[in-house]
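Q: Sharing a structure, written as structure tokens. Questions coming.
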Amino acid sequence: MEKLHNIKGIFFDLGGTLLYPPSGSFMFSNLAKRYFSPEKLRAMPPEKVRAAKDRAYRERAVEQSRPVLDIEEEYDIFLKYYTVLSAELGLGLTGEEVKAVAGDKVYNKDDNYRLFDGTISTLKALQGKYKLGIISDTWPSIIPLLEHFDILKYFDCATFSFELGTLKPDRRMFRDALSKMGLPPEQTVFIDDNPKNLAGAAALGIVPVLISAAQWSPELDRGFGIDHIQAAGGAVPEADAPGLEFRRIDEISGLLELL
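Quick note on my numbering: the sequence shown kicks off at 31 and runs consecutively.
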């Protein structure tokens with residue numbers, strides 16, 4: 031594997047790179063999957079599922095196209111999201127059930143996320159040798175989650191989509207990260223599990239590395255995942271990503287072999 035040279039800074043995605051959901055879905059915890067299960071979705075007409083997804087996305091996309099200030103606001107957004115989805119799919123969740131699903135999504139740190147096995151050891155090995163940063167499409171609840179995992183101490187900077195009101199691969203995400211790290215793009219690496227996001231980073235001169243550590247629930251995250259909301263402003267079309275060549279690692283500890 032060809033080594034990377036003259037690298038002084040490393041940016042990490044979070045979901046699918048450093049951490050993962052035990053449920054197999056970032057949008058649907060194990061509690062949520064009791065109500066929005068793949069089995070129920072498969073039993074429904076595809077056009078009904080698509081319409082429900084589109085309606086719920088429209089509701090949430092409006093909220094995510096602006097900065098989200100705090101966890102309480104995040105809870106309200108997801109309460110509306112799951113309410114609309116339940117109604118459009120005809121699942122008949124009660125108000126208390128929807129509140130439980132939204133609350134679990136936003137506040138449950140212990141059950142909904144795990145660090146990959148190599149996350150801590152890799153960050154320890156890199157700290158002090160490189161500047162480390164985060165570039166993540168996420169929500170305010172990520173801060174207490176990272177504090178819960180005690181890994182914020184390894185990072186010099188972070189760029190979160192909820193603060194900017196946009197998503198990768200919008201160039202504003204990468205420009206914000208580069209500005210905070212204070213390095214030219216060619217001296218930085220970005221590790222992500224989404225080729226589209228890596229294409230956006232590469233367009234600015236950041237060295238892209240594709241990680242394939244996670245397995246997702248196709249009926250849920252491919253249909254309802256966060257990256258299906260496209261933000262305007264410098265986005266790289268999804269069709270452009272497949273033609274690009276990326277260095278690849280199977281798990282985050284594989285990064286150490288590239289450096």
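C-beta: ideal position from N, C-alpha, C; glycine also. Predicted model, so just to flag it, every value in this text is computed and none were measured.
(1) For F190 and T168, which I take to be in contact (beta-carbon distance under 8 angstroms), what is that distance rounded to the nearest angstrom?
(2) Specify, as a first and last residue, the run of the beta strand (DSSP E) that T189 falls within.
(3) Kindly identify the DSSP beta-bridge partner or partners of I40.
(4) Helix, strand or coil: how does DSSP classify S247 here?
(5) Can you say whether G45 is buried or exposed, counting buried as having 16 or more other CB atoms within 10 angstroms of its CB?
(6) I'd like to know whether the C-beta atoms of Y143 and L274 end up nearer to each other than 7 angstroms.
(7) With H, G and I counted as helix, E and B as strand and the rest as coil, what does DSSP make of L240?
(8) Count the CB pairs spanning the region 119-132 and the region 64-73 that are closer than 8 angstroms, and state whether there are at least three.
(9) Check whether chain B comes within 7 angstroms of S53, counting only Cβ atoms and requiring the distance to be less than that.
(10) Give the range of the beta strand (DSSP E) segment to which I172 is assigned.
(11) Out of curiosity, what's the CA-to-CA distance linking S206 and P97?
(12) P215: buried (16+ other C-beta within 10 angstroms of its C-beta) or exposed?
(13) Let me check one thing: in DSSP terms, what residues is L145 bridge-paired to?
(14) With DSSP as the reference, label R96 as helix, strand or coil.
(15) Could you name the residues of the same chain whose beta carbon sits closer than 7 angstroms to that of K161, not counting the 5 residues immediately before and after it, in chain order?
(16) When the Cα of E281 is compared with those of E93, L153, S55, D134, which residue comes out closest?
(17) Thinking C-alpha only, which one of F220, V114, L99, P76 is nearest R90?
(18) When you compare only the Cα positions, how much space is there between G302 and V239?
(19) Excluding the five sequence neighbours on either side, which residues of its own chain have a C-beta within less than 7 angstroms of the C-beta of E193, listed in chain order?
(20) Among I279, S53, G125, E287, which has the Cα closest to the Cα of K139?
(21) Output the boundary residues of the beta strand (DSSP E) element that contains I282.
(22) Where do the ends of the alpha helix (DSSP H) carrying F204 lie?
(23) CB Y105 to CB A132, shorter than 7 angstroms?
(24) Under DSSP, the alpha helix (DSSP H) around E127 begins and ends at which residues?
(25) Relative to the C-alpha of S209, which residue among L228, A82, K183, I164 is closest?
A: With the given structure in hand:
(1) Sure, about 6 angstroms apart at Cβ, within 8 angstroms.
(2) 187-190
(3) Note: I40 sits in a beta bridge opposite L162, V219.
(4) Residue placement at S247 cannot be trusted, given a pLDDT of 47 that sits under 50; the coordinates are not used to answer.
(5) buried
(6) no
(7) strand
(8) In this structure the region 119-132 touches the region 64-73; the number of beta carbon pairs closer than 8 angstroms is three or more.
(9) No chain B is present in this structure, which holds just one protein chain.
(10) Premise fails: I172 lies in the alpha helix (DSSP H), 172-179, not in any beta strand (DSSP E).
(11) Residue identity differs from the one stated: residue 206 is Asp in this sequence, not Ser. Between D206 and P97, the C-alpha separation is close to 14 angstroms.
(12) buried
(13) For L145, the beta-bridge partners assigned by DSSP are L49.
(14) Assigned with DSSP and collapsed to three states, R96 falls in coil, not helix or strand.
(15) K38, G39, D186, M211, L213
(16) L153
(17) V114
(18) Absent from the model: residue 302. The displayed extent of the chain is 31 to 289, so no value can be given.
(19) P97
(20) S53
(21) Segment: none, I282 is in no beta strand (DSSP E) and carries neither H nor E.
(22) 201-211
(23) Pairing Y105 with A132 gives a Cβ-Cβ distance under 7 angstroms.
(24) It spans 125-137 - the alpha helix (DSSP H) in which E127 sits, taken as one unbroken run.
(25) For S209, the nearest C-alpha among the options comes from I164.
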